[in-house]
């Protein structure tokens, strides 16, 4: 048996500029971090040498990979030319569609697992790019590249999406006290409405033909450098205004990114101690992130949002990794 552990992520600023429709015109950028919530993928020899079993929210047992209904598993097994004697199972700390990059964490973790199973070492960059090939090129998902890179690399990073399609990775190295203080200022609340975001992303992708949307994304890319500089300066109270501006801009990219209920939750947060924040992921539901610089403000915010479930989390620095290899991969 082989088990991989792949982190989910929080994207702070720049999301949407990782779509090819944008970065093929102007370089995109995202500042994000991985967190200590994970996707676990286990692979195991299946007793029936002519069958494949896949366990996720459903269980599939097939004799031909063309029968596999899970699109990511289908494309990955086809790529690896695996036709039998394999059992794959997945478990996750967070639900799908919650805005934390779960689909890409699944893809990265599965690829990492099967490369190990076939005795191949793969770099973080190769792992991220192969996940992009599966999700964007093969499955034609209307998504960008940030989630795959965040899960593969781990840590707090600025990802720059270059016009030719390459991705530059710049780790953001902070002083220990700044790193700790930054983490304390962030609160996440689950607002529900777990969703499939492809319709939101498709609309956002189609809107790239509008100059006004490109200008909005251009400003969001500028905010990446601004937030990075604030973090390096140690004056992190300024982050709230950066996140707030990014959220106001993001809402203009597609009609369903926010809803009246989401706006109400966000505004309630601003009235009760938060100086900024955003909905994580493409939009529509999932987790709301707030920036709250002081302990009194955080206490006030928690009281105001007591009906929502708060997620206790920490930053993560390792990215996707193998945590177990059994004897002879059995």
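Numbering (the working numbering), first residue to last: 45 to 374. Each residue gets a CB set at the ideal place from its N, CA and C atoms; glycine is no exception.
Is it right to say residue i is buried, meaning 16 or more other beta carbons lie within 10 angstroms of its own, or is it exposed?
i	result
residue 320	buried
residue 210	exposed
residue 276	exposed
residue 308	exposed
residue 139	exposed
residue 105	exposed
residue 250	exposed
residue 353	exposed
residue 220	exposed
residue 64	buried
residue 462	Nothing in the structure corresponds to residue 462, since the chain is present only between 45 and 374.
residue 215	exposed
residue 236	exposed
residue 313	buried
residue 189	buried
residue 341	buried
residue 191	buried
residue 87	buried
residue 145	buried
residue 93	exposed
residue 186	buried
residue 399	With the chain covering 45 to 374 only, the question about residue 399 has no answer from this structure.
residue 256	exposed
residue 304	exposed
residue 101	exposed
residue 147	buried
residue 339	exposed
Excluding the five sequence neighbours on either side, which residues of its own chain have a C-beta within less than 6 Å of the C-beta of residue i, listed in chain order?
i	result
residue 166	159
residue 149	50, 52, 83 and 195
residue 90	97, 129, 130 and 131
residue 232	331, 333 and 355
residue 176	189 and 192
residue 288	320
Check the C-beta distance from residue i over to residue j and give it rounded, since I have them as a contact under 8 Å.
i	j	result
residue 82	residue 134	Actually they do not touch by this definition, with Cβ atoms about 11 Å apart.
residue 49	residue 369	Not quite, the Cβ-Cβ distance comes to about 12 Å (not below 8 Å), so this is no contact.
residue 311	residue 344	Not confirmed; about 15 Å, so no contact.
residue 80	residue 358	5 Å
residue 355	residue 143	With a Cβ gap of about 11 Å, residue 355 and residue 143 do not count as contacting.
residue 60	residue 197	About 20 Å separates the two Cβ atoms, so there is no contact after all.
residue 35	residue 278	Given that the chain is displayed from residue 45 to residue 374, the structure contains no residue 35 and the question cannot be resolved.
residue 258	residue 66	7 Å
residue 199	residue 78	6 Å
residue 213	residue 193	7 Å
Once the 5 residues before and after residue i are set aside, which same chain residues still bring their CB inside 8 Å of it?
i	result
residue 178	116, 119, 120, 123, 151 and 155
residue 226	218, 275, 280 and 283
residue 109	96, 118, 121, 122, 126 and 127
Kindly indicate the opening and closing residues of the beta strand (DSSP E) around residue i.
i	result
residue 353	353-355
residue 72	72-89
residue 106	103-106
residue 202	200-205
residue 130	130-136
residue 368	365-369
residue 50	46-57
Short of 7 Å in beta carbon distance, which residues of its chain neighbour residue i, apart from the five on each side in sequence? Order them along the chain.
i	result
residue 208	none
residue 268	57, 58, 73, 74, 75 and 202
residue 296	260
residue 98	104, 112, 114, 117 and 132
residue 263	293
residue 71	204, 205, 206 and 207
residue 302	295, 323 and 327
residue 171	152, 155, 156, 196 and 364
residue 271	56, 57, 75, 283 and 286
residue 230	333 and 335
residue 107	94 and 95
residue 290	57, 264, 267 and 322
List the DSSP bridge partners of residue i.
i	result
residue 335	230 and 320
residue 99	103 and 133
residue 330	236
residue 214	202
residue 223	None; residue 223 has no bridge partner.
residue 150	For residue 150, which the question treats as bridged, DSSP gives no partner whatsoever.
residue 360	78
Is any heavy atom of the ligand ATP found at a distance shorter than 7 Å from the C-beta of residue i?
i	result
residue 138	This structure lacks the ligand ATP, and indeed carries no ligand of any kind.
Quick check: is the beta carbon of residue i nearer than 8 Å to any beta carbon in chain C?
i	result
residue 357	Chain labels in this structure do not include chain C; a single protein chain is all it has.
Can you name the start and end residues of the alpha helix (DSSP H) that residue i belongs to?
i	result
residue 64	64-67
residue 92	Element bounds for residue 92: n/a, residue is neither H nor E.
residue 309	304-315
residue 290	283-294
residue 181	No alpha helix (DSSP H) contains residue 181, which DSSP labels as neither H nor E.
residue 111	Residue 111 -> no alpha helix (DSSP H), and no H or E assigned at all.
residue 277	255-277
residue 171	168-176
residue 165	It is not in any alpha helix (DSSP H) - residue 165 carries neither H nor E in the DSSP assignment.
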